[in-house]
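> Chains as they are written, first to last, in our numbering: chain A, 1350 to 1672; chain B, 165 to 501; chain C, 60 to 364. The C-beta atom is built at its ideal place from N, Cα and C for all residues, glycine as well.
#1: Does the Cβ-Cβ distance between residue 289 of chain B and residue 332 of chain B come in under 8 Å?
#2: For residue 237 of chain C and residue 204 of chain C, which I take to be in contact (beta-carbon distance under 8 Å), what is that distance rounded to the nearest angstrom?
#3: Might you give, ordered along the chain, the residues of its own chain that have their beta carbon closer than 6 Å to the beta carbon of residue 418 of chain B, omitting 5 neighbours on each side?
#4: Which one of A:1624, A:1646, A:1651, A:1628 has the shortest CA to CA distance from residue 1634 of chain A?
#5: Please identify, using Cβ separations under 7 Å, the residues of the stretch 379-406 of chain B that lie next to chain A, in order along the chain.
#6: Report the rounded CA-to-CA distance for residue 1426 of chain A versus residue 1586 of chain A, giving the unit in angstroms.
#7: Counting only the same chain and skipping the five closest in sequence on each side, list residues whose C-beta sits under 6 Å from that of residue 77 of chain C.
#8: Under 8 Å, Cβ to Cβ, is there at least one residue of chain B near residue 238 of chain C?
#9: Residues of chain A with CB closer than 9 Å to the CB of residue 417 of chain B, please, in chain order.
#10: Can you confirm whether residue 1480 of chain A, when its beta carbon is compared against all beta carbons of chain B, has any partner nearer than 8 Å?
#11: Can you find a CB in chain C that lies within less than 8 Å of the CB of residue 184 of chain B?
#12: Looking at C-beta atoms only, is the number of pairs between the stretch 1520-1538 of chain A and the stretch 1431-1449 of chain A that lie closer than 8 Å three or more?
#13: Any idea what DSSP makes of residue 197 of chain B, helix, strand or coil?
#14: Can you tell me whether residue 373 of chain B is buried or exposed, with buried defined as 16 or more other CB within 10 angstroms of its CB?
#15: Do we get a CB-CB distance below 8 Å when we pair residue 1516 of chain A with the residues of chain B?
#16: Any heavy atom of the ligand GDP closer than 7 Å to the Cβ of residue 443 of chain B?
#17: Report all residues from its chain with a CB closer than 7 Å to the CB of residue 206 of chain B; omit the five preceding and five following residues, and keep chain order.
#18: Going by beta-carbon coordinates alone, are residue 468 of chain B and residue 253 of chain B separated by less than 8 Å?
#19: At least one CB of chain A closer than 8 Å to the CB of residue 306 of chain B: is that the case?
#20: Return no unless some Cβ of chain A is closer than 8 Å to the Cβ of residue 290 of chain B.
#21: Locate the beta strand (DSSP E) running through residue 1353 of chain A, then write down its first and last residues.
#22: Quick check: the Cα distance between residue 208 of chain B and residue 278 of chain B, rounded to an integer number of angstroms?
#23: Around the C-beta of residue 119 of chain C, are 16 or more other C-beta atoms found within 10 angstroms, so that it is buried, or is it exposed?
#24: Taking 8 Å as the cut-off, decide whether the C-beta atoms of residue 171 of chain C and residue 214 of chain C are in contact.
#25: According to DSSP, simplified to helix, strand and coil, what is residue 1378 of chain A?
#26: Which same chain residues end up closer than 8 Å to residue 101 of chain C when comparing Cβ atoms and leaving out the 5 residues on each side of it in sequence?
#27: Taking 8 Å as the cut-off, decide whether the C-beta atoms of residue 303 of chain B and residue 340 of chain C are in contact.
#28: Output needed for residue 320 of chain C: all residues of its chain with C-beta closer than 6 Å, excluding positions within five of it in sequence on either side, in chain order.
#29: In the stretch 197-215 of chain B, which residues sit with their C-beta less than 8 Å from some C-beta in chain C, listed in chain order?
#30: Give the straight-line distance between the Cα atoms of residue 91 of chain C and residue 1370 of chain A, rounded to the nearest whole angstrom.
#31: Excluding five sequence neighbours on each side, which residues of the same chain lie with their C-beta closer than 6 Å to the C-beta of residue 350 of chain C?
#32: Would you list the one or two residues that DSSP bridges to residue 1579 of chain A?
#33: Let's see if you can read the secondary structure: which residues bound the alpha helix (DSSP H) around residue 1611 of chain A?
#34: From the DSSP output, in three-state form, read off residue 67 of chain C for me.
#35: At a Cβ cut of 8 Å, what residues of the stretch 420-432 of chain B count as close to chain A, listed as they run along the chain?
#36: Quick one, which residues of the stretch 281-293 of chain C are near chain B if we go by CB-CB under 7 Å, in chain order?
Shown next as structure tokens:
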């Protein structure tokens, strides 16, 4: 199986007039073809920043450092132009907010056609014009994401579609581009359950047919476990636990992971209060475990040194409880 | 709210503003003016003339009666008789207004082009030399007195370089076209009067350019800042993500979204240009509405001053209305509801 | 566990000036603006005292030449060491006339902007504070005045009431207040919705106190950059009025009217019209630079339209 993404100790720091803000503090992971990695974390965990870093969409005031940052056998650290080459059928990203994904003044057709043009350019080296793209082909893609009345929808404007429909259009774009790496940032949060299932099915299809690697970002560990082959739990800009989904769900090792799983509402209605992880995310320095303020098992060494991400049995865990 | 609701809403608003302008000029010229009869009759008017004026403009009637007559005449474009030009004011306006309109039209096209391209250029080269140069240019444009811009252009391009004529609307030795539409250039075109047509075009350039020079700054500024915003927008990021080329991103995605505030601004620019034309026309001896207003003012020709002002006010309101409609046409969110 | 927290020092005015001087273009503008108003004050006082003591020569004591006395032998001289801006048709030194006229522009800029803030501020704050029908009416009135091109409106006012410096001043105040009404109304509405107004009311501050401390003071500070830039706008506008013959009457020199007088002698004796125009341009640019600099430092409203 080819490796599509290889990162070692990736850091992303935002420079602001009020000081520097570290968003990602040292993330290492590898992604293979046909693999879906679920990245789970709450807001502020750095999961979206991680995705933007891989997509090359970080704002100008972001500094990226890493020991290794290889995307599809290209060194992302060598020059910013690497990302220009990769975008489209190399790396594609679906954003969280559907309404900010499309230009309000252009039709759906034109924007889908742009993706089509990119695909043709990158796969066959041929440049076609936006106007030359065959509408019928675009309609086929809309049908695959179950958009009703695709011929009519094709010529509509974004504000005339619902959030769910726009998100499906973005998935259709992904289907057109057939990217090797797909970054999906909470792609189903705004959707109803039935549409959610459909979107997930289409994503699975990409993986099966094109061998796409997907990084599926969500705050919902249940969703991540439903779709992901592997799970990566992030907190405070660092990976807390990484392993095969089955293993992690059945036997969560990190206290944070345990808390996340425990707070999934269970089927029974009679068990009293919902479980929760007490407290909220508070930024910490790098000489202590970021989860220490909220950890039910916190000890002295948790406040004095940051645990390393260590291999423990069948996964990686960052916690003093394990060595 | 469909586009029709929006348009009707704007039209009603425009009409109310026009009424307001007429009433405002009425208050100034009939209520607040010390001794309206003298002002309307013009200086050196014989007592018999003043009596005639009082009867003509109903100045001895109660205010609401005066207002009624004033409104009716204004809405039928009857602005009285000019003591200086010895003609009905509406005739004067009919002659001189189109000349100014054609000047302003050319000037606005120039302003739009210069403003949008310098603004896009500045956005593209943000914080580098290109950006700073543009900023300096627009600062000078904003602060430049109209007469200085006109004089400098006249001095360097017409007198020193000699490429363009320094003043007048056209070569005075040429035969002028008949009055068909009132726009001299268009009338010449209709008549097939080519010498006059080309001459009038050449004579339009410097005055129009002067007007554009003092107005483009604000378009540059708004284009630059809305381009910068548009380039940061999420949908631009999304477009980048699907591999759209930089050229298309700047000139299709970003620019289209930046046009919306520019359109609104063009209505404001129209208003400035009318004010500017008062001065520019004087310097270039371009006999349009601005020149008419200035001459009337100088010679205490009050009916003409009021008539011109009302027409100018209406023109500005209409320009704003057209901008509102254009805005709706460009932004599909309003067009399709 | 520690967090970096920066405490912002309450800025004094000396602080602001120092920060302004750090940028070269703003410093340049500030120097010119300061010189302009300082000179105008000195010269203005001299002219007033001279008039009171019936000794008008005080008005040109500091000037290179007497701005009123004709020297026909020296007429229409180009700029030189003797006459930096050249002479006009009557042989009068243009630089002296420009300097003599300066206080009138300085004064009118302060009066019109001040008047605009007072009247517009009052109307705007009343509208913002009381809302409802009062606000609707005030804003409709403001929109009406803004719909009319300013120069035209000023011309009509002067045509109705009379030409001259004072009339120009009044006409300009009438034209200027609507922009400030809009600004102050926006500020008042923004502040009105904030919780600390309710808190202040509850803590027993009188309405007047609240208005003074929480509405007027911050509004003035926000509007300061725009007002500074506006000083230049007033000078530009007044020069246009005086170009049209609506300002001071001759023989009193006025920048705009000098340009108009010089038209007869253009382009051969170009300095007559160009020089006063350049002076106006420089002062307008200087105020714009300072206003812009102030906006960057204080963070007031961005108003370039």
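In brief:
#1: Along the second chain, one-based indexing puts residue 289 of chain B at 125. Along the second chain, one-based indexing puts residue 332 of chain B at 168. Not a contact, by the Cβ cut-off of 8 Å.
#2: For the purposes of this step, residue 237 of chain C is taken as the residue at position 178 of the third chain. For the purposes of this step, residue 204 of chain C is taken as the residue at position 145 of the third chain. About 4 Å separates the two Cβ atoms, so the contact holds.
#3: Here the question's residue 418 of chain B lines up with position 254 in the second chain. The residues are 391, 394, 395.
#4: Along the first chain, one-based indexing puts residue 1634 of chain A at 285. It is A:1651 whose Cα lies nearest to the Cα of residue 1634 of chain A.
#5: 398, 399, 401, 402, 403, 404, 405, 406
#6: Looking up residue 1426 of chain A in the first chain gives position 77. Looking up residue 1586 of chain A in the first chain gives position 237. Computed Cα separation, rounded: 20 Å.
#7: The residue given as residue 77 of chain C occupies position 18 in the third chain. Around residue 77 of chain C: no qualifying Cβ.
#8: The count along the third chain starts at 1 and reaches residue 238 of chain C at position 179. Not a single CB atom of chain B sits nearer than 8 Å to the CB of residue 238 of chain C.
#9: Indexing the second chain from 1 puts residue 417 of chain B at position 253. Those are 1452, 1454, 1455, listed as they occur along chain A.
#10: Numbered from 1 along the first chain, position 131 holds the residue referred to as residue 1480 of chain A. Cβ-Cβ to chain B under 8 Å: no for residue 1480 of chain A.
#11: By 1-based counting over the second chain, the position of residue 184 of chain B is 20. Judged by the 8 Å Cβ criterion, residue 184 of chain B is in contact with chain C.
#12: yes
#13: As a working note, residue 197 of chain B is residue 33 in the second chain. In the structure shown, residue 197 of chain B adopts coil according to DSSP, grouped into three states.
#14: Within the second chain, residue 373 of chain B is the residue found at index 209, counting from 1. Buried.
#15: As a first step, residue 1516 of chain A must be located in the first chain, where it is residue number 167. So no, residue 1516 of chain A is outside the interface.
#16: No copy of the ligand GDP appears in this structure; indeed no ligand is present at all.
#17: Residue mapping note: residue 206 of chain B aligns to position 42 of the second chain, counting from 1. Only 247, 248, 464, 465, 466 meet the Cβ criterion.
#18: Here the question's residue 468 of chain B lines up with position 304 in the second chain. Here the question's residue 253 of chain B lines up with position 89 in the second chain. Yes.
#19: The residue you call residue 306 of chain B lines up with position 142 of the second chain. Output row for residue 306 of chain B: interface = no.
#20: Indexing the second chain from 1 puts residue 290 of chain B at position 126. Taking Cβ atoms only, chain A never reaches closer than 8 Å to residue 290 of chain B, which makes this a no.
#21: If you number the first chain from 1, residue 1353 of chain A lands on position 4. Counting along the chain, the beta strand (DSSP E) containing residue 1353 of chain A begins and ends at 1352-1365.
#22: Here the question's residue 208 of chain B lines up with position 44 in the second chain. Here the question's residue 278 of chain B lines up with position 114 in the second chain. If you take the alpha carbons of residue 208 of chain B and residue 278 of chain B, they lie about 48 Å apart.
#23: The sequence position of residue 119 of chain C within the third chain is 60, counting from 1. Buried, by the Cβ-count rule.
#24: The residue labelled residue 171 of chain C in the question sits at position 112 within the third chain. The residue labelled residue 214 of chain C in the question sits at position 155 within the third chain. No, the pair does not count as a contact, with Cβ atoms beyond the cut-off.
#25: Working through the first chain from its first residue, we reach residue 1378 of chain A at position 29. Of the three classes helix, strand and coil, the one that applies to residue 1378 of chain A here is strand, per DSSP.
#26: By one-based count along the third chain, residue 101 of chain C stands at place 42. Correct list, in chain order: 121.
#27: Counting from one through the second chain, the residue named residue 303 of chain B turns up at place 139. Counting from one through the third chain, the residue named residue 340 of chain C turns up at place 281. Cβ distance not < 8 Å, so residue 303 of chain B and residue 340 of chain C don't count as in contact.
#28: By 1-based counting over the third chain, the position of residue 320 of chain C is 261. Excluding sequence neighbours, residue 320 of chain C sits near nothing in its chain.
#29: 197, 198, 203
#30: One-based indexing of the third chain puts residue 91 of chain C at position 32. One-based indexing of the first chain puts residue 1370 of chain A at position 21. Cα to Cα, residue 91 of chain C sits roughly 42 Å from residue 1370 of chain A.
#31: Here residue 350 of chain C is taken as the residue at index 291 of the third chain, counted from 1. Cβ neighbours of residue 350 of chain C within its own chain (closer than 6 Å, five residues either side excluded): 284, 287, 288.
#32: Indexing the first chain from 1 puts residue 1579 of chain A at position 230. DSSP, once it has assigned bridges, lists A:1386, A:1593 as partnering residue 1579 of chain A.
#33: For the purposes of this step, residue 1611 of chain A is taken as residue 262 along the first chain, with counting starting at 1. Note, residue 1611 of chain A: alpha helix (DSSP H), 1604-1611.
#34: For this step, residue 67 of chain C is matched to residue 8 along the third chain. Model confidence at residue 67 of chain C stands at a pLDDT of 47, short of 50, so the residue's coordinates are unreliable; what they give is reported in the following sentence. DSSP places residue 67 of chain C in coil when its eight states are reduced to three.
#35: 420, 421
#36: 291
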